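This report concerns only the one structure given below.
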């Protein structure tokens, strides 16, 4: 009976997970949430820390038509806002629209906020996915022996980073990657949707993650992490689209609550990879 019930679960078209995860040393300062409004807008956002400065992606020539690449717009906006890291931090607002983009890198004391009707569309252009070396704790890629494509939203050596929204969507458009994986045509390991390395004080919340090329959220060599209010959707046969795959942490202690959690959607690992 138990096997039959689990088999029925696996026959569903999609997997959905809503998880609250709090990892290591989350004191009052890290867990405190405040609400703030961006100038000229009616929406509120919840963040670990309020930001003194804000901008919209359209201020940096972003075009939300689902066709125009916004990789340069995202990176230009983040690089510009990074100057406020020591002056109250900054928030980048992604308004309604379909924002096609390749990989971009976050900065410290920074919030990326997606409007409810904002959709980040992962680029299908392989040139918009730079290649990184394998993680040092493993030494090789997962899908191939070489390096790995940079995650869509990436950061390293950061502190106080928030990726959140009013349930905006990050669509990895993973079918291209899944076909390459099944066809043995990958030269490097597939990218994740969100990856933060050697970082602390991180919040990822109130988003829908759709059709990731591989893992959805991968914090590694990091601490003080909150993941909450996340919905993750992928076809049942999509390869390795785990929801949250925490890699090595400064401390491996964790407190986890499970809500409607389907299989393979939370992997707690002391080593980099867990094969299954």
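Residue numbers (our numbering): 1 to 276.
Glycine residues also receive a C-beta, built at the ideal position from the N, C-alpha and C atoms.
This structure is a prediction, so every number in the text was calculated from the model and none was measured.
Could you have a look at residue i and say whether DSSP puts it in helix, strand or coil?
i	result
residue 87	coil
residue 228	strand
residue 79	helix
residue 25	Unreliable placement is indicated for residue 25, whose pLDDT of 32 sits below 50; the coordinate value is still reported in the next sentence. Correct three-state label for residue 25: coil.
residue 117	coil
residue 211	coil
residue 67	strand
residue 55	strand
residue 127	helix
residue 122	strand
residue 187	coil
residue 72	helix
Identify which residue in the options has its Cα closest to the Cα of residue i.
i	options	result
residue 133	125, 142 and 126	142
residue 201	170, 226, 192 and 186	226
residue 244	214, 236, 237 and 224	214
residue 53	79, 65, 73 and 84	84
residue 205	222, 169 and 73	169
residue 162	148, 191 and 196	196
residue 231	209, 104 and 102	209
residue 240	88, 121, 175 and 153	175
residue 130	187, 65 and 198	187
residue 242	211, 86 and 126	211
residue 157	127, 199 and 180	199
residue 104	118, 115 and 154	154
residue 152	145, 172 and 237	172
residue 160	224, 233, 207 and 75	224
residue 238	69, 246, 182 and 77	182
residue 125	228, 177 and 116	177
residue 79	109, 96, 63 and 69	109
residue 229	203, 218, 247 and 185	203
residue 75	61, 88, 116 and 87	61
residue 96	86, 87 and 115	115
residue 285	88, 120 and 87	This structure cannot speak to residue 285, because the chain is shown only from 1 to 276.
residue 184	207, 191 and 144	144
I need the boundaries of the beta strand (DSSP E) containing residue i, first residue and last residue.
i	result
residue 98	97–101
residue 242	It is not in any beta strand (DSSP E) - residue 242 carries neither H nor E in the DSSP assignment.
residue 170	168–171
From what residue to what residue does the alpha helix (DSSP H) around residue i run?
i	result
residue 180	175–182
Strictly by DSSP, which residues pair up with residue i?
i	result
residue 197	156 and 220
residue 148	132 and 189
residue 205	228
residue 104	153
residue 233	210
residue 165	114
Hey, residue i and residue j are a contact pair by Cβ (cut 8 angstroms); roughly how many whole angstroms apart?
i	j	result
residue 193	residue 216	5 angstroms
residue 123	residue 93	Actually they do not touch by this definition, with Cβ atoms about 21 angstroms apart.
residue 67	residue 100	6 angstroms
residue 91	residue 113	6 angstroms
residue 51	residue 107	Rounded, the Cβ-Cβ distance is 12 angstroms, inconsistent with contact.
residue 189	residue 149	7 angstroms
residue 234	residue 165	Contact doesn't hold; Cβ gap of about 19 angstroms is too wide.
residue 65	residue 98	7 angstroms
residue 86	residue 128	With a Cβ gap of about 31 angstroms, residue 86 and residue 128 do not count as contacting.
residue 219	residue 191	Not really, about 15 angstroms apart at Cβ, beyond 8 angstroms.
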